Amino acid sequence: MTEPVRPGGNGTDRRSGRGPGRRPGPTETREAILAAARDLFAEKGYDGASLRAIARAADVDPALVHHFFGNKEGVFVQAMQFPVDPEKLVPRILGAPRDRLGETMVRTFLEIWGDEERRAPILAMLRSAMTNEQAAVMMRQFVSAALFRRAAETHRIPMLRINAAVGQMIGVALLRYVLKVEPIASATDEELVELIAPAVQQYLG
Numbered sequence: 001m002t003e004p005v006r007p008g009g010n011g012t013d014r015r016s017g018r019g020p021g022r023r024p025g026p027t028e029t030r031e032a033i034l035a036a037a038r039d040l041f042a043e044k045g046y047d048g049a050s051l052r053a054i055a056r057a058a059d060v061d062p063a064l065v066h067h068f069f070g071n072k073e074g075v076f077v078q079a080m081q082f083p084v085d086p087e088k089l090v091p092r093i094l095g096a097p098r099d100r101l102g103e104t105m106v107r108t109f110l111e112i113w114g115d116e117e118r119r120a121p122i123l124a125m126l127r128s129a130m131t132n133e134q135a136a137v138m139m140r141q142f143v144s145a146a147l148f149r150r151a152a153e154t155h156r157i158p159m160l161r162i163n164a165a166v167g168q169m170i171g172v173a174l175l176r177y178v179l180k181v182e183p184i185a186s187a188t189d190e191e192l193v194e195l196i197a198p199a200v201q202q203y204l205g
C-alpha cells in the first residue's frame, strides 16, 4: 500500500520530481517518512512529534507509518539510527524477577556498550546531548518514555530511583569506554556485574 503524491504547480511532485499520477515506491515512501521524522524530532523533541504529525509532514497516510515502523519508538530508532530497540530491550528487563532487576539491567547495559557497532552511535548521541539542548531534550524524552517508564510502572519503582540507577551505569560506561580508566577499562563484564549490580539493585529497592 502506498500513498499517492501531490503534484506541485509545475506538474511534478514537489519532493521527487516525478510526473503527476506516479506513485512513490515503498523505499521512497519509507525514506520520506524517516526524513520527516528526523525534522520533527529535532524541532519538537520525542514527546512533541506524534505519528500523525510525522505522516502529515511526509504526505502519507498514518497507516503507512504503522506499516513500516509499528509505532513511534520504531520510527525514532530508524530515523535517528538509535542502536537500541526498546521492543527487544524492555521485555527482557520487565521479565526479570524484582530481586534480580539490578543484575539484569547491568548485564543488558554492558552487553549493549560492549558491542562496538552499537557503542559508537550511543557515544555520538551523548556528546551531542552535552552540547546541544535540542539533542539533550530529544534523548531525555525518548530514554524516559521508551526505555524506563514502562519498567518503572511494571515494577512500581519511582522514576527518581530508575534514573539514579541508570546514572550509575552511564558513569561506569564513560569511565570504561571513553576515559578508559583502569582497572575499570580492562575489567571483565562479570567483574563489573559483581561490583555494580548490588548498588543498582539498592537504587531500585
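Heads up, the final residue of the sequence shown is numbered 205 in full-length UniProt numbering, and it's a clean run with no missing numbers.
Glycine included, C-beta positions come from ideal geometry on N, C-alpha and C.
A quick note: this is a predicted structure, and the numbers were derived from the prediction, not measured.
When DSSP states are grouped into helix, strand and coil, E182 belongs to the coil group.
Taken through DSSP and simplified to helix, strand or coil, A173 comes out as helix. DSSP places S128 in the uninterrupted alpha helix (DSSP H) bounded by E116 to T131. In the structure shown, the three-state DSSP call for I33 is helix. The distance from the Cβ of V137 to that of G45 is about 5 Å, consistent with a contact at the 8 Å cut-off.
A distance below 7 Å between beta-carbons, with the five flanking residues on each side excluded, links F69 to the following residues of its chain, in chain order: V75 and Q78. Residue range P86 to L94 is occupied by the alpha helix (DSSP H) that includes V90. Of the residues Q202, M169, E43 and A36, the one whose Cα lies closest to the Cα of R107 is M169. Beyond the five residues adjoining it in sequence on each side, L175 comes within less than 6 Å, by CB distance, of V181 and I184 in the same chain, given in chain order.
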